[in-house]
Amino acid sequence: MKEVFRHHEYIRVSYFRDLVEAAGIPTMLRNEHLVHGVVEIPIPEFYPNLCVMNDDDYQEAWEIIHKVLEEEKALPGEDVTCSKCGEKSPSNFGECFACQSAFNLEKSC
Ligand SMILES: [Zn+2]
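Numbering follows my numbering, with no gaps: position 80 of the sequence shown is 86.
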């Protein structure tokens, strides 16, 4: 048995458990009972964690999880192009760094 993912939010660990299980890899959630209901325990040793039952599955499970993590990371990192001057600013900027015009982040449908 080998641990592939650990996080203080049970819901997150549980989400990855479902993904990995869906790929046909047997897993086990540890410390799950420690977070049900009451308070989160702020000690990483007690965070819920996801393990693969067979060490051979570790690489595949790790790839499934990290693919999702990379995709999540990529989302807010996209640059926003200013409609006035065409300069690119990071998406967490509220306005263009070059001309200071506010971004219109509302999406038209
Ligand atoms: Zn601009």
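Yeah, the Cβ is synthetic: ideal placement off N, Cα and C, and Gly gets one too.
Pull up the CB-CB distance for residue i and residue j, whole angstroms please, since I reckon it's below 8 Å.
i, j, result
"L75", "L56", "With a Cβ gap of about 13 Å, L75 and L56 do not count as contacting."
"A29", "I70", "6 Å"
"F103", "V86", "About 10 Å; that fails the 8 Å criterion."
Would the beta-carbon of residue i fall within 8 Å of that of residue j?
i, j, result
"P50", "R12", "yes"
"I17", "E66", "no"
"S95", "E84", "no"
"F52", "N37", "yes"
"K90", "V58", "no"
"P54", "V10", "no"
Quick check on the DSSP output: the alpha helix (DSSP H) that includes residue i runs from which residue to which?
i, result
"D24", "16-28"
So if DSSP puts residue i in a beta bridge, which residue, or which two residues, is it bridged to?
i, result
"M34", "C57"
"A108", "E101"
"F11", "L56"
"S89", "None, per the DSSP bridge assignment."
Identify the continuous beta strand (DSSP E) that holds residue i and give its terminal residues.
i, result
"P96", "94-96"
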